[in-house]
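Residue numbering for the sequence shown follows numbering that gives the first Met the number 0, starting at 0 and increasing by one per position.
Each remark here refers to the structure printed beneath this line.
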Amino acid sequence: MHDTAQPSVAELLDHNRDLQGSRAIRLLATHNLGLYATLMERHLADGVIPETELVIRLERDLDDVGHPDGQSGLALIKSWASQGWLHRIVDERSDQNVCYLTQDARRALDFVRGMRRNDTIATGGSIHGIASRLKQVAVRVDNDPARIRKHIEAEIAALHSELDQLDAGERPDPDPTDCYDEARAIALQMERLITDIGQYGTMIEQATAALDEPIDTNTEYRDRQRQMYADYQAAWDSQGRDSHRAFLRMINDPDQRAEFEADVAAVADALPALDPALRKVMAGFFELVGHQIDEVERIQQRCAQRVKRFTAFGTLEQSRGVARQLNEALGSARALLKTSLTDSRLDLDVPLARHAISSVGALSFKIGDLSAPKPARPADGQVDLASFAALTTQVDAPAMSQMLNTALHRGPVSLPDAVALLESAYLGHVIVLWSWALKQPAAESVRESTTVRFRSLDGRDREIAVPKLMFTEPITALVGAST
0 MHDTAQPSVA ELLDHNRDLQ GSRAIRLLAT HNLGLYATLM ERHLADGVIP
50 ETELVIRLER DLDDVGHPDG QSGLALIKSW ASQGWLHRIV DERSDQNVCY
100 LTQDARRALD FVRGMRRNDT IATGGSIHGI ASRLKQVAVR VDNDPARIRK
150 HIEAEIAALH SELDQLDAGE RPDPDPTDCY DEARAIALQM ERLITDIGQY
200 GTMIEQATAA LDEPIDTNTE YRDRQRQMYA DYQAAWDSQG RDSHRAFLRM
250 INDPDQRAEF EADVAAVADA LPALDPALRK VMAGFFELVG HQIDEVERIQ
300 QRCAQRVKRF TAFGTLEQSR GVARQLNEAL GSARALLKTS LTDSRLDLDV
350 PLARHAISSV GALSFKIGDL SAPKPARPAD GQVDLASFAA LTTQVDAPAM
400 SQMLNTALHR GPVSLPDAVA LLESAYLGHV IVLWSWALKQ PAAESVREST
450 TVRFRSLDGR DREIAVPKLM FTEPITALVG AST
């Protein structure tokens, strides 16, 4: 028996709140949905496009509609990237920026297209297709030999009848309603599959997304490592991975692909009244699925780099663990000895033996002066953000500096734009970029600030106000790390 218990009100509310914060829902809820969906569908629905070409296309369309929101094409690209609707990365083969939609944006566009076309599967011929497919499943799961034999014999008789009619040259005309309905249902399913095939990539992306977050303790490293393996196992066992492998095999099989393309051509020729958009989906199915397969491979490469950095950092962190804890414990002891001790016995327990220690160390003293301590006073001065450059050990500083230097070849880059260049910006990335920007010329004279978005460990998007500092001179990871 399957558990059919309904979720509680609190559980259902939590699920719906999580969905409300998703990027797909945020795109559907934006005030500029009509404009955004139009431009995305016209120029980004078919896969990867160079950023310079996309800017030209967007500017041309925006001129035609009178720039309704006042943004330029490049500003739209940066905004979409910061919102998580657009991948904006550097293509190593061509050494230029390329853009393509994220899975969340594709899902939102699928919904918008379906609403615009009034998509429905409740047609005159759909019930026959449902009954036929249901019969196939029922026969496979049925344990009644008599019923199975009856179905097989009926199918054999129907096939023999079709062969006899074909030999006699008397094949009856097909029912156009059933053919159109079935072809339309198949095209709608193909359109959805093009988006869903990337679900496996999304799952492994989420499994490693938190690895770029700063790590302060060995316990955090251990917990994050365990969570990564659990998420990877869930992705490995998912239907998305099975679909990815099945499509990959079919795409790489020339016989299956040739037969599929021949069937598409036959349907397109026999059904001229099929919706042009759905006909385009059918004709370009393999190419569009190929783009999704390429995206999964790009995600796998990014995830492999994250795991490599994470593992290397963990090795370094563990090797420094005991020494760091000893230094902190001894430093605390010195400070207390200078201020609070009299001639009394000192009970000192310092971790010297075990490697898997998670505390700083236990220190117990007999305090001679039992008077209440003086109240704390607020600290003077300002926080030195340049000290946060130590986070370069926890982010991919060389890759980030290379990305920034590549962008500088085309002109100065502001700090918010530098954050937007990152596909998944976390707080560590923002702080490191901020500390680098403070070392650029004329940084002290900047007073204007703006808001940038970054992701947190719970998967939600956050915002932080940063000054509009400008990168005008190239940087290196070595200089940034030693700042």
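Glycine included, C-beta positions come from ideal geometry on N, C-alpha and C.
- Counting the other Cβ atoms within 10 Å of the Cβ of PRO415 gives 16 or more, which makes it buried.
- With contacts defined as CB atoms closer than 7 Å, LEU420 and ALA442 fail to qualify as a contacting pair.
- In this structure, the beta-carbon distance from ARG308 to ASP395 falls below 7 Å.
- Boundaries of the beta strand (DSSP E) around GLU462: 460-466.
- Counting C-beta pairs closer than 8 Å gives three or more between the region 179-189 and the region 268-279, which meets the contact rule.
- Between the region 291-306 and the region 183-202, the count of C-beta pairs closer than 8 Å reaches three or more; the two stretches touch.
- The C-alpha of ASP460 is placed about 13 Å away from the C-alpha of TRP84.
- Spatial neighbours of VAL295 in its own chain (CB-CB distance under 7 Å, excluding positions within 5 residues in sequence) are listed in chain order as GLY197, TYR199, GLY200, HIS243.
- Secondary structure within the region 107-149: the alpha helix (DSSP H) runs of 4 or more consecutive residues, fully enclosed, are 125-140 (chain order).
- Proximity to ALA44 across GLY283, ARG146, VAL445, ASN217 peaks at GLY283, based on C-alpha coordinates.
- As DSSP reads the structure, VAL89 sits in a beta bridge with ASN96.
- For VAL8, the enclosing alpha helix (DSSP H) covers residues 8-19.
- DSSP places VAL451 within a strand segment (E or B) once states are collapsed to three.
- Closest in C-alpha terms to ALA245, from the list GLU190, VAL8, ALA417, ILE292, comes ILE292.
- With contacts defined by Cβ atoms closer than 7 Å, GLU52 and GLY72 do not form a contacting pair.
- Per DSSP, reduced to three states, the secondary structure at ILE474 is coil, with no helix or strand assignment.
- In the DSSP assignment, ILE48 forms a beta bridge with CYS98.
- Contact annotation: ALA107 and LEU18 have beta-carbon atoms that are not nearer than 7 Å.
- Beyond the five residues adjoining it in sequence on each side, ASP90 comes within less than 6 Å, by CB distance, of VAL97 in the same chain, given in chain order.
- One alpha carbon belongs to ALA23, the other to HIS66, and they sit about 24 Å apart.
- Of the candidates ALA436, GLN226, ASN217, ILE185, GLN226 places its Cα closest to the Cα of GLN205.
- Taking 7 Å as the cut-off, the Cβ atoms of TYR35 and GLU212 do not count as close.
- Annotated three-state conformation of VAL263 is helix, per DSSP.
- In this structure, the straight-line span from the alpha carbon of THR29 to that of LEU403 is close to 30 Å.
- Around the beta carbon of GLY20, fewer than 16 other beta carbons lie within 10 angstroms, which makes this residue exposed.
- Rounded to whole angstroms, the gap between the alpha carbons of HIS150 and LEU162 is 19 Å.
- In this structure, the beta-carbon distance from SER413 to ILE474 does not fall below 7 Å.
- Burial of GLN102 is indicated by the presence of at least 16 other C-beta atoms within 10 angstroms of its C-beta.
- For ASP141, the CB contacts under 7 Å within the same chain, skipping 5 residues up- and downstream, are ILE147 in chain order.
- When secondary structure is reduced to three states using DSSP, VAL412 falls in the strand class.
- CA-to-CA, the gap between GLU190 and GLN255 works out to about 19 Å.
- Per the coordinates, the alpha-carbon of LEU32 lies some 28 Å from the alpha-carbon of ALA208.
- Between LEU210 and GLN224, the alpha-carbon positions lie close to 8 Å from each other.
- Just measuring C-alpha positions, the residue of SER131, ARG16, ARG92, ARG105 sitting nearest LEU38 is ARG105.
- Under a 10 Å Cβ-count criterion, TRP79 is classified as buried, with 16 or more other Cβ atoms of the shown protein chains found around its own Cβ.
- Within a 10 Å sphere around the beta-carbon of TRP235 sit fewer than 16 other beta-carbons, which makes this residue exposed.
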